[in-house]
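Take a look at the structure below.
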Amino acid sequence: MIFETHAHYDDEQFHDDRAGLIGSFPQNGIEYVVNIGSSVESCIKTVELVKQYDFFYAALGVHPSEVQYITDEFFEWLEEEIKTNLKVKAVGEIGLDYYWQEPERRLQKMWFERQIELAKRRHKPIVIHSRDAAKDTYDMMSALKCGETGGVIHCFSYSIEEAKKYLDMGFYIGIGGVVTFKNARKLHEVTQYVPLDRILLETDSPYLAPEPNRGKRNSSLNLTYIAERIAEIKNVSYEQVVEKTNENARRMYGI
Ligand code: NI
């Protein structure tokens, strides 16, 4: 059965058909879903959502593009949830995003560090978002000894050389819809390089739908296309990809 390691079902794009869609997952081979908080509001919604479905778990954290909205009150709530809510399995998504100019890098780094320290205090793995910020992300994770928490580099977009550094730190590599794109040669190389026991399946729904649904709203039902493409690249069976990545996700999230 498939383990969806990264989705945002709290997103407004699911407002009209959320219950029906999620309700169809078990009969479509989806065993677990981790809903990922990315803003103050989405963390609160994620906590509500995972209460409703046995097979849903949560990661809570604030994405680098949203850190300017963090308040002291929210950060206290976040730590309390991570400490006491048994369905919260990780801190994330957190990291650095230099694609946009705002919020300023100093602020992104400050909250990345504070959320890493929180994960270390609460012994949780971290879900990393890193875009156009390879060097700073690795330097901070290395300096803050993120090997102690472990976790995943979600929607991995860097080179084999970068992948090797994160694998050496004990991290998993999250592979999603981009792997099905014809022109994603760098990610195809990385997928071939990373051992199957270090890959996690993810969609980042509602974003980044794979071929043949590229450009449409994404959902975990599309994970079959991603697993098929990984199987092809690694020359293993589809079933092996599904089974191994499920084991990996359970190990990482502690489920
Ligand atoms: Ni995401």
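Residue numbers (this note's numbering): 8 to 262. Glycine included, each C-beta is placed from N, C-alpha and C at the ideal position.
Sorting F119, A141, N92 by C-alpha distance to the C-alpha of Y106 places A141 at the top. Between K58 and Y260 a beta carbon distance of about 17 Å is seen, past the 8 Å cut, so the two are scored as non-contacting.
When C-beta atoms of the region 197-209 are compared with those of the region 171-181, three or more pairs fall below 8 Å, so the two segments count as touching. Where T12 is concerned, the enclosing beta strand (DSSP E) starts and stops at 9-14.
Bridge pairing for L208: I182 [DSSP]. For R236, the closest C-alpha among the options N225, K223, P219 is that of P219. Per the C-alpha coordinates, the member of S49, A126, N92, P213 positioned closest to T156 is A126. Every residue with a CB closer than 6 Å to a heavy atom of the ligand NI is listed here in chain order: H13, H15, I43, S45, E100, D211. With fewer than 16 other Cβ atoms inside 10 Å of its own Cβ, G222 counts as exposed.
One thing to note: L230 has its Cβ within 8 Å of the Cβ of E11. With a cutoff of 8 Å on beta-carbon distance, G102 and P132 are scored as not near each other.
Assigned with DSSP and collapsed to three states, G99 falls in strand. Residue pairing by DSSP places A65 opposite N42, V95 in a beta bridge. In the DSSP assignment, V159 falls outside any alpha helix (DSSP H) and lies within the beta strand (DSSP E) extending over 158-160. Cβ contact annotation for K241 (same chain, cutoff 8 Å, sequence separation greater than five): T198, Q199, L203, V248, in chain order.
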